[in-house]
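K.L.:
With the working numbering applied, the sequence shown corresponds to residues 2 to 165, in that order.
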Amino acid sequence: MSPEVVEALRADAALNERQRMEAALGDFQAQLESERNRQALEVTEEKAGLESEGRRQALELEAIRKELLALQEARERDREAALNVQKYYASQLREKRAASNLRDEVPVTPQIPTQAAQTTADGHFAAQLQATLRNLQQAKVKNDAASRSRSTTQVKTEQISEKR
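(1) Mark L16 as exposed unless 16 or more other C-beta atoms lie within 10 angstroms of its C-beta, in which case mark it buried.
(2) Please report the distance separating the alpha-carbon of R149 from that of V142.
(3) Note down the Cα distance separating A82 from Q93, rounded to an integer number of angstroms.
(4) For S3, which of helix, strand or coil comes out of DSSP?
(5) Output the distance between the C-alpha atoms of I65 and V44, rounded to the nearest integer angstrom.
(6) Beta-carbon within less than 8 Å of R165's beta-carbon, same chain only, minus the 5 sequence neighbours each way: which residues are those?
(7) Alpha carbon to alpha carbon, how far is R56 from A25? Give it in angstroms, no decimals.
(8) Quick check: the Cα distance between L60 and S53, rounded to an integer number of angstroms?
(9) Could you check the C-alpha separation between E171 and L84 for me, to the nearest Å?
(10) Would you mind listing the alpha helix (DSSP H) stretches within the segment 10-49 that are 4+ residues and don't spill past its ends, in chain order?
(11) Using the Cα positions of R1 and D28, report the straight-line distance between them to the nearest angstrom.
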């Protein structure tokens with residue numbers, strides 16, 4: 002083989018290698034572009050999903066705010082109604098007091114000395130305690146008698162006739 006043929010074969014091999022490398026580079030660039038497009042599409046879809054979720058949450062938040070406002074207004078109305086009822090009853094009470102002049106008709110209770118009140122109360126409690134003890138003793142006697150009568154059970158005997 003002559004050096005020109007070898008040179009031509011080397012040039013041809015280099016050209017083929019260059020074309021193969023350019024084709025591989027083109028394939029790689031196409032795959033890279035395809036991957037970029039896929040990622041861009043994913044990002045766009047995710048962004049759209051997030052925006053949709055954000056809108057849904059904003060609507061939900063607005064609905065909750067409206068409900069809260071309605072509840073606050075209802076609470077305020079109830080509070081005002083309660084105050085009105087309280088004012089009404091207070092005015093009724095004032096009118097009733099004014100009509101009966103309770104201040105003029107208040108009876109003066111006699112002051113019993115503390116020692117006398119204590120003695121009276123002690124006597125009352127002692128009498129009440131004695132009555133309770135008496136009733137307890139009577140109930141105990143009745144229960145004892147009832148339990149004794151229960152312990153003696155009478156058995157009724159019957160005649161058994163045999164038919165043959």
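Virtual Cβ for every residue (Gly too), placed ideally from N, Cα, C.
P.N.:
Walking through what the data contain:
(1) Here the question's residue 16 lines up with position 15 in the sequence shown. An exposed status is given to L16, since fewer than 16 other beta-carbon atoms sit within 10 Å of its beta-carbon.
(2) Position 148 of the sequence shown, counting from 1, holds the residue named residue 149. Position 141 of the sequence shown, counting from 1, holds the residue named residue 142. C-alpha separation (whole angstroms): 11 Å.
(3) As a working mapping, residue 82 is identified with position 81 in the sequence shown. As a working mapping, residue 93 is identified with position 92 in the sequence shown. So the alpha carbons of these two residues sit roughly 16 Å apart.
(4) Within the sequence shown, the letter at position 2 stands for residue 3. Coil.
(5) The residue labelled residue 65 in the question sits at position 64 within the sequence shown. The residue labelled residue 44 in the question sits at position 43 within the sequence shown. Going by the C-alpha atoms only, they are around 31 Å apart.
(6) Translated into the one-based positions of the sequence shown, residue 165 becomes position 164. At R165, the pLDDT of 49 sits below 50, so the modelled position is not reliable and the matter cannot be decided from this model.
(7) Indexing the sequence shown from 1 puts residue 25 at position 24. Indexing the sequence shown from 1 puts residue 56 at position 55. A straight-line Cα-Cα distance of about 46 Å links A25 and R56.
(8) Within the sequence shown, the letter at position 59 stands for residue 60. Within the sequence shown, the letter at position 52 stands for residue 53. The alpha-carbon atoms of L60 and S53 are separated by roughly 11 Å.
(9) Lying before the first or after the last residue shown, residue 171 is absent from the chain, which here runs from 2 to 165.
(10) With a minimum length of 4 residues, no continuous alpha helix (DSSP H) run stays inside the segment 10-49.
(11) Look at the range of the chain in this structure, 2 to 165, and you will see that residue 1 is not part of it.
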